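Comments concern the structure below.
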RNA sequence: GGGUCGGUAACUCCAGCGGCGAGGAGGGCGGACUGUAAAUCCGUUACACGAGAAACACCGAAGGUUCGAGUCCUUCCCGGCCCA
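In the working numbering, the protein residues as written are 587 to 969.
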């Protein structure tokens, strides 16, 4: 059940109640592609980092260890010992990112495993079956994510096919949820809007999928090469056509700034590899812009990553120590940075929710962006 | 004292076996990363010059052979190992 608690402009403050727990939105889902947050953060630790939802990937878990193995172990949630909700991505994005290895047809897509090169076929039914075996809380529709710069003609055909696939996803999900041995008979299905940067295709597609009355709606195919302005423009145009009494999910986005701008445009679910990937690379987020913890200027810096930060990293360790760990290639270095970043993202979402509750999101957003921009600016000028 | 292997781009280690304005790796410094084939990838790492028949950061040093030497020869210096 999705309750829209409050709106400020288009910004939504809501609550999604699932069989695996309540999700307060706007929310940032923490990405654990292969049933693990890269950087070595375990499920129980995520609780202390304010994580509400974990995201896992259909394709990766199908290839290894195999969705049947995961089902035999009681589903992803039990497998990784995560009590809360899990959203599984459909594998559609992998079809896009493994572009050189794919062959797309009406039935589905044939592409090669990145592990051993063997051919894999995945269509809407296969994706739903795998996600059912994984037993996630929310399953994503199997879509095609065309390149942002793709030709109009190609995008039109691709989006039409994605709609047909969505109908098949819905039917297959309904069938799977009614099977006696299903792990989650209440598994939800989110549809995905596509259309690259063509407003009219985006809007037409949004109207089509809105009619299917799904559990939630995502905007996909953004942050894949277009400019920020183009991305915000697409959100301005398309989000009004997605039901606001359902979750609105912007897939794969993004920077703290991207999230603030997108919340303002009506998005309330996010996910991104940034906090974990960038954390592994020593790039940490603060309210005054990002820091590269590899930089020589932190060699003897006794301060935490961010003064006043309540995360386990900042409460215990100096920048100098973290830099040393990263330079020495100690896994603890990456772990501490990822831990800080997840806390930063999850805390920012909490602040966004609080500001919406109090009706001053606009003011909060302005202040947050100003702080970040000021920090990035002084960083660029060498302070 | 005898034998032997080695001294290369300057932080370190190494490739090179007659066409070398000398290549790679590590380290250092900086950057990128948006539904994760990513603990990955990219740039840079003496001084000078500034694309010009022009310039010698000239490979431990000095000579020699050769059209041409980091590369071959001679002597010397330095280091490792073995023998006395």
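Beta carbons are placed, not taken as given, at the ideal position from N, Cα and C, and that holds for glycine. These numbers come from a predicted model, not from an experiment.
Exposure of residue i, with buried meaning 16 or more beta-carbon neighbours within 10 Å
i	result
residue 690	exposed
residue 672	buried
residue 901	exposed
residue 704	exposed
residue 781	buried
residue 889	exposed
residue 774	buried
residue 758	buried
residue 848	buried
residue 616	buried
residue 854	buried
residue 785	exposed
residue 764	exposed
residue 770	buried
residue 766	exposed
residue 608	exposed
residue 844	buried
8 Å contact criterion, which residue i and residue j should meet: CB distance rounded
i	j	result
residue 899	residue 869	The Cβ separation is near 14 Å, so there is no contact.
residue 598	residue 852	6 Å
residue 725	residue 714	7 Å
residue 642	residue 710	Not quite, the Cβ-Cβ distance comes to about 19 Å (not below 8 Å), so this is no contact.
residue 856	residue 614	5 Å
residue 885	residue 909	6 Å
residue 594	residue 618	Contact flag wrong, Cβ pair sits at about 31 Å.
residue 905	residue 879	7 Å
residue 655	residue 662	Residue 655 to residue 662, Cβ: 11 Å. No contact.
residue 836	residue 808	7 Å
Contacting residues, own chain, Cβ-Cβ under 6 Å from residue i (five flanking each side not counted)
i	result
residue 778	727, 729, 804 and 806
residue 587	603
residue 688	681, 695 and 697
residue 732	741, 744 and 782
CB of residue i within 8 Å of CB of residue j, strictly
i	j	result
residue 911	residue 919	yes
residue 783	residue 824	no
residue 943	residue 592	yes
residue 660	residue 921	no
residue 666	residue 621	yes
residue 596	residue 815	no
residue 818	residue 842	no
residue 829	residue 776	no
residue 747	residue 693	no
residue 798	residue 762	no
residue 674	residue 722	yes
residue 939	residue 610	yes
residue 772	residue 670	no
residue 875	residue 858	no
Residues that residue i bridges to, as DSSP identifies them
i	result
residue 616	640 and 858
residue 592	599
residue 610	601
residue 697	706
residue 726	776
residue 871	876
residue 689	696
residue 634	Looking at the DSSP assignment, residue 634 forms no beta bridge with any residue, so it has no partner.
residue 675	643
residue 804	778 and 835
residue 623	627
Sequence-distant residues of the same chain with beta carbon closer than 7 Å to residue i, five excluded per side
i	result
residue 527	What the structure shows of the chain is the stretch from 587 to 969, and residue 527 is not part of that stretch, so it cannot be assessed.
residue 932	614, 635, 636 and 637
residue 701	649 and 650
residue 736	782
residue 653	647, 716, 719 and 720
residue 589	600 and 601
residue 831	588 and 590
Same chain only: Cβ atoms within 8 Å of residue i, ignoring 5 sequence neighbours per side
i	result
residue 793	827
residue 873	892, 954, 957, 958 and 961
residue 924	623, 624, 625, 626, 627, 861, 862, 865 and 866
residue 677	643, 644, 645, 648, 708, 713, 716 and 728
residue 796	803, 827, 828 and 829
residue 684	697, 698 and 700
residue 749	791, 794 and 795
residue 630	667
residue 945	592 and 594
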